[in-house]
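Worksheet for the structure shown next.
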Amino acid sequence: MPALALGFVRGVEAVNRRVGRMALYLLFVLAGVLVWSVVAKAFFRPALWTQETAQFTMIAYVVLGGAYSLMGGAHVRMDLLYSRWSARTRGAVDCVTVLALIVFLAVILWGGIESTAYALEIGERSRTVWRPYMAPIKIVICAGTFLMLLQSVAFLIRDIALLRGTPIPEARP
Amino acid sequence: QGAPIRWRMQTYAGAALGEHVVKPAIDRFNAIAEGQMQIELFYADQLVPTSELFRAMQSGTIDAVQSDDDSMQSPTEVTVFGGYFPFASRYSLDVPVLFNQYGLKEIWDREYAAVGVKHISAGAWDPCHFATKDPVNTLADLEGKRVFTFPTAGRFLAQFGVVPVQLPWEDIQVALQTGELDGIAWSGITEDYTVGWADVTKYFLTNNISGAWIGHFFANADRWAAVPDRLKMLIEVCFEQSHYYRQWWYWGGEADLRVNGSKLQLTSIPDAEWATVEERARAFWDEIAAESEVKARVVEIFKKYNDTMAKAGRPYRYS
Amino acid sequence: MSHELIAVSMFLGMMALLMTGQRVFAGIGFVAVVAAVALWGDRGGHDLAFTSAIKLMNWFPMLTLPIFVWMGFVMSETRMADDLYRMFHVWFGPVPGGLAVGTILLMVLVSAMNGLSVAGLAIGATIALPEMLRRGYDKVMVTGIIQGGSSLGILVPPSIVLVLYAMIARQPVAHLWLAGVFPGLLMAGLFIVYVLVRCALNPRLAPRLPAGELARITWGERLGLLRAGVTPLVIFGAMMGPFVAGHVSLVESSVIGALIATLVAAAKRRWTRAIWETCLRGTLNVTCMFMWILLAALAFGAVFDGLGAVRAIEAFFLENLGLTRWQVVILMQVSFLLLGMFLDDTAMLVIVAPLYVPLVRALEFDLIWYGILYTITCQIAYVTPPFGYNLFLMRALAPDHVTLGDIYRSIVPIVGIMILTLAIVMAFPQIALWLPGQVYGQ
Ligand code: NA
Ligand code: NA
C-alpha cells in the first residue's frame, strides 16, 4: 500500500484510540453528576444543571467513544452469511458496504455542521432555566462523527490492502 | 395544473391535545383543497425534536410549524413574548386584538421575515394555572415547589421560590406520580384533564400568571411563496378557524371543568396577595424592555393595551 | 413514488444491506439518509439524521443504558453471583432437577439487578452450566433453561429493552417496568414447572445429589449461605425503593444500584486491573452499539414517517386487509417472531417504531401492555436461530462437548414456553397491567 495510505490508517487509529481511552472515563463523569443530583435533592435544593450536564456527557461518551468502539468490533452484524465467508470474501464485501457507513456518517455530519453553525451564529441556548449554550455539545457531536468517518475510511483502506494481499497489521487494542 | 403541493407540518402539541387544537383545521383544509394541496400533520417531536423545530423549518425539512416562540426558541427578538409572558393578557380574546389592532402582527411578520420564515397568524390558547399535588393558598406555599413550566414563566416564577424543572413533555405525568415534580404551571384546566395531568394532581389554583398563551402558525418563506394565492387564502382561513375552535373549546372547557370537574379541587390566593405578583410582573416587563428596542416596543404595546382595557372598565376589566 | 412503494423499497433495501453482514446501524442509517436526501422534497431532509442524535440526547431515561450495562459487567466479571449460585445449589439440590430450578431462580435474581440478558447468560454459562454438567444433568435441557432464564433480564425490571421501547412508543418507563414483573415471574414459573415435570417423568435428566454430600453441609452453613441472597435484595431494594417512592428519578436510581454493585465487588476484593479494563471497555462497546443502532433507527423512523410510508402501512392493515383488531395484533406478533429470527431486538424496534406503535394506538390497545408483548418477542428473538444473541453467547461460552446442534435443540421447549407466556399475557392483559395500576393508581 502507498505510504500515505498506511500513514493515514496508523494516524487515524492512533488518534481514535487516544480519544476513545479518554471517553471511557466519561462514564464516571456521568455517574458523578447523577450522584450529585441525588445528594443535592436530598440535602439542598435540586440542582438545575445536572440533568442537561448528564445528557451532554452521555452523548459525548457515545460519539467520542464511537470510533474506538468501531475499532473494537463492537457493532453487531447480521452474520448469517458473513460468518461463513473467508476473510477475503468478507474484505471484498466490506469494501463495498463500508460505503453505507461512510454515507450515513457523512450525512449526520452535514446536518451537524449546519446546526452547529446556526447555534454559533445566534448564540443558541437550551430552553431550560439553566440555559446552557448549545454550540459546544453540537461541536462535540460533529467531532466524534468526523472521527468515526475517518475510521470508516481507514477500514476501507485496510480492506483494499487485504484484497491486494498486503494486509495492514492490527495495532494493539 | 401541476403536481399536488405537499406540506409537512409539525405541531408542538402531543397527539391527545393535537386532536383538538390543530387536527380539525388541517382535516378541513385537506378536504377543501381537493388534492391540489395536502398538509400532513405531525405531532410533538415526531419528525424532529422541538428544540430543532425552528431550524428544520428554516432549512425546508419541515414546511410549516404550529408553536409558540418560546418553546421552539426562535432566534428573534420576540421569542420571550410567545407562550406565557406574565400578565400580558387576561382573556383569550386579548391575543387577536393585540395582534390585529395594536400592531403586534406587523412586528412578528418583520421579525420572522428576517430569518426566512413566514408568520401566518397568531392565536390564543388557554390560561396558565398551577395544578399541584398539595394545596396552594398563599404565595408562601409556592416556596420550594418543583414545577414544570415554560422557560420565561420559569424565570419569572423563580423569584417566588418556585424551582422550575424541565423534562420531556411525555414524562410529566410519571414525574408527578413518582414525586419528581410537585406540580405544573403549564396550562389551563381543560388541558390538565385532556392530557391526563388531572389524574395525578389534586389542586388547581384559580389565579393565573397569564390569561392566554400566544402561539402561531409559521411556514418556510420559500414554500409559502410557492403556494398559489387562492390556496394561501385557504390556509389562512383554515388556520383562523383553528384559532376560533380553541377560543370556544378552552373558554367553555375552563369554566365547565372548574364547576363540574371532579378530579381537581380549586384553591385561590387572595387578590390582595396576588397583586404583589402582578406588581413584580411590571418590573419583569421593564427588565425585558431594557434588553432591546423591539422588546421595548412590544412591552409598550402591552402596557397601552392593558391601560385601555382597564379604563374601559367592565366587562373588559373588573379591577 | 407512491407511499407503498417507498415503504417496501426502504424496508427491502435495509434487509438486503443487513444480509451483507455490514454493521446493523450502518445498514439502517444508510437507507434512512439516502431516502431522506433523495425523496424528501426539493430541499431539506438531510438534517433528519443529526436531529435524531439530538432527539436521542434529549431523552433522559436513556442515561440508564451505560449504567445498567456497567452493572451487568460488574456482576458477571467480578463473579458476584458465585455465592448466590452456591446458595441455590445447596437449598434446592435435594429436589429432582433442583439445580436446574435453582439456576432459574438465580437467573430471576440476576435479572432483577440488570437490564440485559448478557450478564445472566455469562453467569449461567460460566458458573451454573459446568457444575450441572459435572453432575450429569442433561446438557440439552440445561443449556436451554440458561438461555431462556437469562433472557428474563429484559422483562424483569430493570430492563433496557423496555427503556428503548418507551422512547420509541413514548410511554412511561416506570409503568413498563412494573408491567414486566408478573409476566416475568409467570415465565420463570413455567420454566420451573417444565423442569420439574420433565425430571419427574425422566429422572435420568437430573441425577440427585449424593446424600452424603449434602449431609456434610451443616444447617449453620446452609443458613449462612442465605446471606448471599441479601446482596441482590439490597441492590434491587436500594434501586427500586426510592424510585417507586418518588425520592429519586429513574436515572438516579440506576446510579445508586451501580454504585452499590461496584462497592460490593470492592468489599469482596474482586477488582483487578484486568477486570476493571474489561468492564470499562465492555460498557463503552455495548453502549455505543445500542446507541448507534437507536440513532439510526430514529432517523429511519422519522424519514419513513415523513415520507408517508407509515400512513400507507396503516391504511393497508386497517382498511385493505379488513381484519379485526385482534387479528391485526396477532398478525403483528407472528411477523415479530419471524423477523426476530433474523434481526436483533434493537433492529426490530426500527420496525416497531414507524409501523406498529401507531397501529396499536389506532386500534386502541394499551401501549404498556403491547410493550410487554414486544419484550417477550425480543426474548424469543434472542434464542431463535439464525440470529440470536443468546445463541451466539452460549456458543462462545459453553464447553466444547456442548455442540451447536445441542444448543439449537435446547431452545425448542424454551421457545414453546415463551410463546405460551406470550399467549397468556395477550389473553389476560391484567397480568401486565395490574401492578402499574396498583402503584400509580389508574
Ligand atoms: Na432486568
Ligand atoms: Na433470533
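Protein chains in written order, with my numbering: chain A, 1436 to 1608; chain B, 2 to 320; chain C, 65 to 506. Think of the CB as a built atom: it goes at the ideal place given N, C-alpha and C, for glycine as much as any other residue. Just so it is clear, the structure is predicted and the values come from calculations on it, not from any experiment.
Distance cut-off 7 Å: residue i Cβ against heavy atoms of ligand 3
i: Ser214(C); result: Judged by which ligands are present, ligand 3 is missing from the structure shown, whose ligands are ligand 1 and ligand 2.
Residues near residue i by beta carbon distance below 6 Å, same chain, minus five either side
i: Gly1526(A); result: Asp1594, Leu1597, Leu1598
i: Arg293(B); result: Here residue 293(B) is Ser; the residue named in the question, Arg, does not match the sequence. The answer, listed in chain order, is Glu78.
i: Leu486(C); result: Ile440
i: Asp1529(A); result: Asp1594
i: Phe1385(A); result: The displayed coordinates of chain A run from 1436 to 1608. Any statement about residue 1385(A) would go beyond what the structure contains.
i: Arg29(B); result: Cys239
i: Phe100(B); result: Lys106, Ala123
i: Gly1500(A); result: Gly1455, Ala1458
Contact set for residue i: own chain, Cβ-Cβ below 8 Å, skip 5 residues either direction
i: Ile224(C); result: Thr128, Leu129, Phe132, Val133, Gly179, Leu180, Ile218, Phe354
i: Trp433(C); result: Ala243, Val489, Pro493, Ala496, Leu497
i: Phe156(C); result: Gly162, Leu163, Val165, Gly166, Leu169
i: Ala1606(A); result: Arg1445, Glu1448, Ala1449, Arg1452
i: Gln235(C); result: Tyr229, Leu431, Ile432, Gly435
i: Cys263(C); result: Pro160, Gly161, Ala164, Leu269, Ala270
Whole-Å CB distance - residue i paired with residue j, under 8 Å assumed
i: Thr190(C); j: Val466(C); result: With a Cβ gap of about 13 Å, Thr190(C) and Val466(C) do not count as contacting.
i: Asp111(C); j: Glu1549(A); result: 6 Å
i: Leu387(C); j: Leu395(C); result: 7 Å
i: Leu461(C); j: Ala186(C); result: 7 Å
i: Trp214(B); j: Gly84(B); result: 6 Å
i: Lys119(B); j: Phe219(B); result: 6 Å
i: Leu508(C); j: Met171(C); result: Past the edges of chain C, shown from 65 to 506, lies residue 508(C), and the structure says nothing about it.
i: Asp64(B); j: Arg224(B); result: 5 Å
i: Ala100(C); j: Gly109(C); result: 4 Å
i: Thr1563(A); j: Pro87(B); result: Going by Cβ atoms, the distance from Thr1563(A) to Pro87(B) rounds to 18 Å, so no, they are not a contact pair.
i: Gln1486(A); j: Asn122(C); result: Contact doesn't hold; Cβ gap of about 10 Å is too wide.
i: Gln211(C); j: Val476(C); result: With a Cβ gap of about 11 Å, Gln211(C) and Val476(C) do not count as contacting.
i: Thr1580(A); j: Val1498(A); result: 6 Å
i: Met1493(A); j: Gly85(C); result: Not a contact, Cβ separation roughly 29 Å.
i: Ala154(B); j: Ala176(B); result: Rounded, the Cβ-Cβ distance is 17 Å, inconsistent with contact.
Residues that residue i bridges to, as DSSP identifies them
i: Ser1561(A); result: DSSP lists no partner for Ser1561(A).
i: Glu41(B); result: Arg9(B)
i: Asp218(B); result: According to the sequence as given, residue 218(B) is Phe; it is not Asp. DSSP, once it has assigned bridges, lists Gln67(B), Ser122(B) as partnering Phe218(B).
i: Leu267(B); result: Phe205(B)
i: Ser188(B); result: His130(B)
i: Phe149(B); result: Val166(B), Ile185(B)
i: Ser211(B); result: Cys129(B)
i: Arg87(C); result: Arg1512(A)
i: Tyr1568(A); result: Arg1560(A)
i: Gly84(B); result: Ile215(B)
Contacts of residue i in chain F (Cβ-Cβ under 9 Å)
i: Ser1472(A); result: The structure shown has no chain F; the protein chains it does contain are A, B and C.
Cβ neighbours of residue i in the same chain (closer than 7 Å, five flanking residues each side left out)
i: Trp241(C); result: Pro221, Pro222, Ser223, Leu226
i: Lys119(C); result: Leu362
i: Gly145(B); result: Gly162, Val164
i: Ala360(C); result: Phe89, Ile92, Gly93, Ala96
i: Leu235(B); result: Phe30, Ile33, Ala34
i: Asp430(C); result: Pro493, Leu497
i: Ala41(C); result: Nothing in the structure corresponds to residue 41(C), since chain C is present only between 65 and 506.
i: Ala297(B); result: Ala290
i: Pro1567(A); result: Glu1487, Arg1560, Ser1561
i: Leu1441(A); result: Ile1603
i: Lys24(B); result: Leu42
Inset, instruction - Can you give me, in chain order, the residues of the stretch 226-256 of chain C that have a beta carbon less than 9 Å from any beta carbon in chain A? - result: none
Legend entry - Short-range partners of chain C found in the stretch 1524-1541 of chain A, where Cβ spacing is below 9 Å: Arg1525, Val1528, Asp1529, Val1531, Thr1532, Val1533, Leu1534, Ala1535, Leu1536, Ile1537, Val1538, Phe1539, Leu1540, Ala1541
Inset, instruction - Could you please tell me which residues of the stretch 1495-1507 of chain A, in chain order, have their CB closer than 9 Å to any CB of chain C? - result: Tyr1496, Val1497, Val1498, Gly1500, Gly1501, Tyr1503, Ser1504, Leu1505, Gly1507
Inset, instruction - May I ask you to list, following chain order, the residues of the stretch 148-163 of chain B that have a beta carbon less than 8 Å from some beta carbon of chain A? - result: Pro152, Gly155, Arg156, Ala159
Inset, instruction - Could you please tell me which residues of the stretch 1556-1586 of chain A, in chain order, have their CB closer than 9 Å to any CB of chain B? - result: Glu1556, Ile1557, Gly1558, Glu1559, Arg1560, Ser1561, Arg1562, Thr1563, Val1564, Trp1565, Arg1566, Met1569
Inset, instruction - Could you list the residues in the stretch 1440-1455 of chain A with a C-beta less than 9 Å from some C-beta on chain C, going in chain order? - result: Gly1455
Inset, instruction - With 9 Å as the C-beta to C-beta threshold (strictly closer), list the residues of the stretch 257-291 of chain B near chain A in chain order. - result: none
Legend entry - Residues in the stretch 5-24 of chain B having any Cβ partner in chain C nearer than 7 Å: Arg9
Inset, instruction - Give the residues from the stretch 68-81 of chain B that approach chain A closer than 9 Å (Cβ to any Cβ), ordered along the chain. - result: Asp71, Ser72, Met73, Gln74, Pro76
Inset, instruction - Residues of the stretch 104-119 of chain C with a CB closer than 9 Å to any CB of chain A: list them in chain order, please. - result: His110, Asp111, Leu112, Ala113, Phe114, Thr115, Ser116, Ala117, Ile118
Legend entry - Where the stretch 479-506 of chain C meets chain B: residues whose CB sits under 9 Å from a CB there: Val503, Tyr504, Gly505, Gln506
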